[in-house]
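Residue numbers (the UniProt record's numbering): 1 to 197.
Beta carbons are placed, not taken as given, at the ideal position from N, Cα and C, and that holds for glycine.
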């Protein structure tokens, strides 16, 4: 290392050369190259184009295509907790996120059922209400994303293949959004009991 001129390279012929002069030569060479040729160069700190952070008051768009995160899991397994934490974090880093909780839609739709009878598979009337609530919630999800939302978290059990297929058909095939499922699994009886109480 040359103390006065900075780091140097020892080339094959035993000749020392100053790194700064090589950097200058590279810059001179790249300044006359076409953009197509520059694109083929290996990435360096001089050739990498990074998007600057947004300035205060400016909103960055980190999500090009809206995303739907559909929660999956049995009741009292932490889906709503995860949904809220995920939404809070994504909003904190600047991604416009909202949680759509199917339980809230269901509670607004009916007060006739106050027991587990509402969730029985043989209760056709309740099944129709649950299906309509899911469709209403998905409609609101899509409407919110079309109006500028970036990530919607669909917080529901979504435990059947039919329900997940319906979500995929609406979100991916009909609307063209990105979709992924997040399953919350908990087998610890103490935690489940604590979540129920």
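Item, Value
"Spatial distance of residue 69 from residue 82 (CA atoms)", "11 Å"
"Enclosing beta strand (DSSP E) for residue 71 [first to last residue]", "67 to 72"
"Buried or exposed by the 16-neighbour rule on C-beta atoms within 10 Å, applied to residue 67", "buried"
"Top-ranked residue by Cα proximity to residue 188, from 76, 63 and 64", "76"
"Residue 101 beta carbon near the ligand FMN (any heavy atom closer than 7 Å)", "With respect to the ligand FMN, the structure shown offers nothing to examine, as it has no ligands at all."
"Under the three-state DSSP convention, the category residue 136 falls into", "helix"
"Candidates 191, 155 and 164: closest to residue 85 by CA position", "155"
"Other residues of its chain near residue 138: CB distance less than 6 Å, five sequence neighbours each side excluded", "170"
"Selection from 109, 74, 65 and 116 that minimises the alpha carbon distance to residue 182", "74"
"Three-way DSSP call (helix, strand, coil) for residue 109 in this model", "helix"
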